[in-house]
Each structure stands twice: as C-alpha cells, then as structure tokens.
Amino acid sequence: MKTITVPTFEQVSPETQVLFEQIKKRVGKVPNLYATIGYSAHALKAFLDFEGALNQGAFNGKEREAIALVVSEINHCEYCLAGHTLAAIRNGLSQADTIAIRKGAVADSRLDAIIKLAKSVTETKGHPEEQYLEIFYNAGFDEAALMELIGLVTVRVFTNYVFATTNIPVDFPAAPALN
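When we follow the numbering used here, the leftmost residue of the sequence shown carries the number 1, and every step to the right adds one.
Okay, here's the thing in structure tokens:
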C-alpha cells in the first residue's frame, strides 16, 4: 500500500505554496496535517476558508476548541487531540478542562450544551438526540448557532479523516490519555 508522506514546500503547487506562507505567518509553521491537505490547493483553501468563516461566528475560541476536542475524541484522532489540546490551553482552558470536554461533560452549562450537542451530532452522523438540541436552545443558542456548530463538527471530521487515512506524524505534544 502507498504511504502518504508530509509534502515539502517544493513538492506542492505554487497555489499551495502561497497558502503555506499565509499559514506560517499566522501559526509560525505549517503543521503536518495542513501540509498534507496541501497536496490539493483546492482542499487546503476550502478548509482554511470554511474554518476561518466559522471562527467569526457564534462561538468563542474556548467553545470552538471544545467542539474540536469532543469530535476528535469520538473519532480517535490523536493528531487533532494533540493540536487542539494545545490550542484549547492557549484559549484559556486548563488541561483538566480539556480532559473533561473529551469525556463529554463540564460544569459550565453553556459549554456543556455545546459539547453534548457536538458529541451527539458526531456519534449519530448528523441525527442528534432531541434532548441535546433542547439543552442547546435552552442555553440561549439559535438556529444560526446550530448551523455553525454543525459546520465546526464538519471541519473537524474532515481533519480527523485526513489523519485517519494518512497517519502522518503528529507534530504537537501528545494529548493526555483518558482514564
């Protein structure tokens, strides 16, 4: 079977090289997962645009990282768990918070509503249990926030599947194992 490796800057198209430069300016490096998506400039641009647009929506950085963590836990994506644990901590969550999120329950009712719905959407492939929708709406969210939550789940499923398919090296510190 063919092994997929992380491409170098020179191995990708000029369009992807431009995107790599933008990522380097923003993040400081091109993470292996982004580089691998960069085999296709179209896929990388679509991913960056979709995620970038959703980052302007209803959810703050902590909430977006919580969605990323719970989705990545369900999909057993060690790459995204590593990267998003680091990002969650940079956004003000503690290591203990990241573990609680991955387990699917936190004390903060707003954040708990978000992660429970994201977890249900992911586990049921888009058919969340009614109770989690009800909790989400009761936490003050509306239909626009629901669409954005589904979008954030979708973005993470994409990266989870890229890692699952390629098994490229994780270039972030490993997320702690759950007990």
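Even for Gly, the Cβ is constructed at its ideal location relative to N, Cα and C.
**Prompt:** So, helix, strand or coil for M1, using DSSP?
**Reply:** coil
**Item:** Length of the line joining the Cα atoms of P31 and I168
**Value:** 11 Å
**Request:** Give the secondary structure of Q56 by DSSP, where H, G and I count as helix, E and B as strand, and everything else as coil.
**Result:** coil
**Message:** Taking the straight line between their C-alpha atoms, what separation do you get for G38 and E65?
**Reply:** 22 Å
**Asked** Measuring CB to CB, does I135 end up less than 8 Å from A107?
**Response** no
**Message:** Mapping the DSSP letters down to three states, classify T165 as helix, strand or coil.
**Reply:** helix
**Message:** Is the beta carbon of I74 closer than 8 Å to that of L149?
**Reply:** no
**Simplified DSSP state of G92, which is helix, strand or coil** = coil
**When Y34, T16, F20 are compared against F163, the one with the closest alpha-carbon** = Y34
**Asked** Taking the C-alpha atoms as reference points, what is the distance between F9 and L81?
**Response** 25 Å
**Asked** Any idea what DSSP makes of A175, helix, strand or coil?
**Response** coil
**Asked** Does the separation of the CB atoms of L178 and R102 fall below 8 Å?
**Response** yes
**Message:** So, for A144: in the same chain, excluding its five sequence neighbours on each side, which residues have a beta-carbon less than 7 Å away from its beta-carbon?
**Reply:** A58
**Prompt:** Nearest CA to the CA of M1: which residue from T165, D171, F172, P173?
**Reply:** T165
**Prompt:** Short check: CB of F20 to CB of F158, under 8 Å?
**Reply:** no
**Message:** Among the candidates L54, A87, Q22, A96, whose CA atom is the shortest distance from the CA of A41?
**Reply:** Q22
**Asked** Is the beta carbon of V71 less than 8 Å from the beta carbon of N160?
**Response** yes
**Prompt:** In terms of alpha-carbon separation, which member of T36, C77, D142, V121 lies closest to I4?
**Reply:** T36
**Item:** Through-space distance from T154 to A118, alpha-carbon basis
**Value:** 10 Å
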